[in-house]
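One structure below.
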Amino acid sequence: MRLSISLLGFLATFSLVNCDSSDGKGSEACLLPRNIPLALQWACDTDAEHFYREADNYDGPVRFLTSRSRIQPYSWTYQPFCLFGDSIGSSTICVWTDHNFGGGRGISIVADVEDAKTIGTSGPFRNSDYLKESNVPSYTYPPFEQRALPGKGFGLIANTTLHLGNRLFAHTPVFAVQDSRAAELTENDLELLYELGIKRLPEKTRKIYMDLHGHFGGHAISDRLVTNAFDLNDYSAVFPETSRLNHDCRPNAHYYFEKSTFTHYVHIIRTVLPGEELTISYISPYLNHKQREIRIKGQWGFKCDCKLCTSPPMFTKASDERLALIFDLEEELDDLSLNRTASPDIALQLISLYEQERFVTPAAEAYTYAALEYSYIGNKPMAQKYAAKAHELNLIWRGPTNKYSRGMRNLMLEPENHPSWLYSEKPRGDITIHTPNDEKEDEKNEPMVDAE
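Shown next, in the form of structure tokens:
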């Protein structure tokens, strides 16, 4: 009898769930009352189809959410659907969807409340002017066509000559997951959040996502995420258009993510002739042959067959030795102590190694070291020469708003006002010089958006 009474009372409470269209966007706002079990929360979605998953299919813990978790915040189209992580002290993790973001492209994000607040109040989510150049073609006719390629599935093939700086894509993500928070959930919980996140996207965008290739099998949405996502600090984000580009360890295109516009840009980095496949690198250019092989096979499940990886052993060995020397030289150039041994000649040697490795946009770092070395000793013409080279490549390597891109621009225009100017004559500790390796550390801790 006690069970019957409790169940009746619970169902009566559940009947108070209020789904209406009062959010002003024509979408329903689903306000769940206090202490509704997760299993029955599945019956309450915010679209007309009412996403539903049978409660007895769920073998994870039943958790409770309070109504204060169910507010309609910022620019989100739907009420967030939230779960608690299993571990003590874990966060509330929710699905946040904006149907109108990116000119109707839409986006779903799996993240905690704090990050969602930061993202949802950032410029691109509040003002569509930030995205005027996003999700629209930068060309009248596509400079490429999709073709079936032996052993690769499909790839994009250039149908015209392309040059350094030509833009291929500028797109916002359609799905993004906060990795540190996702790690707190069970596999079943994640699959639930992923399914709801993709279901809440506009139909066209949902189809674009599901048309992506998944390599590992299993849960379809998770498989596509793992196979196609790009790392954005603490996030894995999917840009379906960019995912159509195959990998090459020495590619002819490069991408970067611009926080201020929440947009992923892809540009050509060298001359590409008609008939040539357009490629990006999925990995760091600084990995040696064995590291590349392990990373690519482990994360994407294929063996790289690019020219670098299929070179005869004596050439791959020579490449690995150059990469090791690059690390040694950069470590020497990073040393700003009184007894430092670096010089402009060391920086020029580094540039030569980058050229031998066929690094294109990464060479911005070698040029940055050279610009700084000449600035340290007050050689204005040479400092400006290499700062200009670094700035040009940084525009498509890191993006125009990146602080290191801006730094090289400042050194190019006003070397005497740059902190590095005549640094060798200044007392150590008076100023701080940021070298390219500082940038690599900074990027690990940068937020996904610029907080406003």
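Residues -19 to -1, 1 to 433 in mature numbering (1 follows the signal peptide of the UniProt record, and there is no 0) are what the sequence shown spells out, letter by letter. The C-beta atom is built at its ideal place from N, Cα and C for all residues, glycine as well.
- Task: Flag this pair as yes or no: are the beta carbons of residue 209 and residue 224 separated by less than 7 Å?
- Result: In contact: residue 209 and residue 224 (Cβ atoms closer than 7 Å).
- Message: Tell me the rounded alpha-carbon separation between residue 126 and residue 138.
- Response: Computed Cα separation, rounded: 5 Å.
- Taking just the CA atoms, how far does residue 378 sit from residue 335? Spanning the two alpha carbons is a distance of roughly 15 Å.
- Message: At 4 residues or longer, what runs of the alpha helix (DSSP H) sit wholly inside the stretch 64 to 124?
- Response: Residue ranges of uninterrupted alpha helix (DSSP H) with 4 or more members, entirely inside the stretch 64 to 124 and ordered along the chain, are 82 to 85, 94 to 101, 104 to 107.
- Task: Within the same chain, show all residues whose beta-carbon is closer than 7 Å to that of residue 176, passing over the 5 residues directly before and after it, in chain order.
- Result: The residues are 202.
- Query: What whole-angstrom Cβ distance do residue 274 and residue 285 have, given they're in contact under 8 Å?
  - Reply: In this structure residue 274 is in contact with residue 285, their Cβ atoms being roughly 7 Å apart against a cut-off of 8 Å.
- For residue 217, which residues does DSSP report across the bridge? For residue 217, which the question treats as bridged, DSSP gives the partners 158, 212.
- Query: Identify the residues that DSSP records as bridge partners of residue 134: which are they?
  - Reply: Note: residue 134 is bridge-paired with 130 in the DSSP secondary-structure output.
- Item | Residues near residue 253 by beta carbon distance below 6 Å, same chain, minus five either side | The beta carbon of residue 253 lies closer than 6 Å to those of 139, 143, 233 in the same chain, with the five residues before and after it left out.
- Kindly list the residues whose CB is nearer than 6 Å to the CB of residue 157, restricted to its own chain and excluding five residues on each side of it in sequence; keep chain order. These residues qualify, in order along the chain: 90, 216, 218.
- residue 147 by DSSP, collapsed to three states: which one? Taken through DSSP and simplified to helix, strand or coil, residue 147 comes out as coil.
- Message: Taking the beta carbon of residue 368 as the centre, do at least 16 other beta carbons fall within 10 Å, making it buried, or is it exposed?
- Response: Buried, because 16 or more other Cβ atoms sit within 10 Å of the Cβ of residue 368.
- Runs of beta strand (DSSP E) wholly within the stretch 353 to 394 (minimum 3 residues, chain order): For the stretch 353 to 394, there is no continuous beta strand (DSSP E) assignment of 3+ residues that stays within its boundaries.
- Task: With DSSP collapsed to three states, give me the class of residue 194.
- Result: Assigned with DSSP and collapsed to three states, residue 194 falls in coil, not helix or strand.
- Query: Just how far apart, CA to CA, sit residue 65 and residue 271?
  - Reply: Looking at the two C-alpha atoms, the distance is approximately 40 Å.
- Alpha-carbon spacing of residue 86 relative to residue 314, whole angstroms: Rounded to whole angstroms, residue 86 to residue 314 spans 45 Å at the Cα level.
- Query: Under the three-state reduction of DSSP, which class applies to residue 307: helix, strand or coil?
  - Reply: Looking at residue 307 - three-state DSSP - the assignment turns out to be helix.
- DSSP on residue 233, reduced to helix/strand/coil? If DSSP states are grouped into helix, strand and coil, residue 233 belongs with coil.
- Sequence-distant residues of its chain with Cβ nearer than 6 Å to residue 258 (five each side left out): Apart from the 5 residues on each side of it in sequence, residue 258 sits with its Cβ closer than 6 Å to the Cβ of 136, 138 in its chain, given in chain order.
- Item | alpha helix (DSSP H) runs contained entirely in the stretch 242 to 313, provided each spans 4 or more residues | DSSP runs (the alpha helix (DSSP H)) wholly in the stretch 242 to 313: 270 to 281.
- Under three-state DSSP, which class holds residue 323? Three-state result, residue 323: coil.
- Query: residue 348 and residue 371: beta carbons closer than 7 Å?
  - Reply: Against a cut-off of 7 Å, the Cβ pair of residue 371 and residue 348 comes out as a contact.
- Message: Only counting the same chain, and skipping five residues up and downstream in sequence, which positions put a Cβ closer than 8 Å to that of residue 183?
- Response: Only 80, 85, 86, 87 meet the Cβ criterion.
- Message: So for residue 239, helix, strand or coil by DSSP?
- Response: Residue 239 falls in the strand class under three-state DSSP.
- Message: Between 269, 246, 235, 407, which has its C-alpha nearest residue 114's C-alpha?
- Response: Here the closest residue by C-alpha is 246.
- Should residue 83 go down as buried or exposed, given a rule of 16 or more other Cβ atoms within 10 Å for buried? The residue in question, residue 83, is buried, as its Cβ has 16 or more Cβ neighbours within 10 Å.
- For residue 262, the nearest candidate out of 297, 153, 249 (CA to CA): Comparing C-alpha distances from residue 262 to each of 297, 153, 249 shows the shortest one belongs to 249.
- Task: My understanding is that residue 356 touches residue 401, with C-beta atoms under 8 Å, so please give their C-beta distance in whole angstroms.
- Result: Contact between residue 356 and residue 401 holds: their C-beta atoms lie close to 4 Å from each other, under 8 Å.
- Query: For residue 394, which of 341, 109, 361, 168 has the nearest alpha-carbon?
  - Reply: Nearest of 341, 109, 361, 168 to residue 394, Cα basis: 361.
- Query: Within the chosen definition, does the stretch 379 to 393 reach the stretch 234 to 245 through at least 3 CB pairs nearer than 8 Å?
  - Reply: As far as the Cβ criterion goes, the stretch 379 to 393 touches the stretch 234 to 245, which means the pair count is three or higher.
- Query: Just the Cα atoms here: how many angstroms apart are residue 292 and residue 103?
  - Reply: Cα-Cα distance, rounded: 46 Å.
- What are the boundary residues of the alpha helix (DSSP H) that residue 169 is part of? Per DSSP, residue 169 is one residue of the alpha helix (DSSP H) stretching across 168 to 180.
- Excluding the five sequence neighbours on either side, which residues of its own chain have a C-beta within less than 7 Å of the C-beta of residue 339, listed in chain order? The beta carbon of residue 339 lies closer than 7 Å to those of 231 in the same chain, with the five residues before and after it left out.
- Message: Would residue 243 and residue 167 qualify as a contact pair, given that the criterion is a beta-carbon distance under 7 Å?
- Response: No, the pair does not count as a contact, with Cβ atoms beyond the cut-off.
- Query: Opposite residue 139 in the DSSP bridges: which residues?
  - Reply: Partner(s): 125.
- Query: Which residue's Cα is closest to the Cα of residue 194: 227, 150, 173, 174?
  - Reply: Residue 194 has its Cα closest to that of 227, out of 227, 150, 173, 174.
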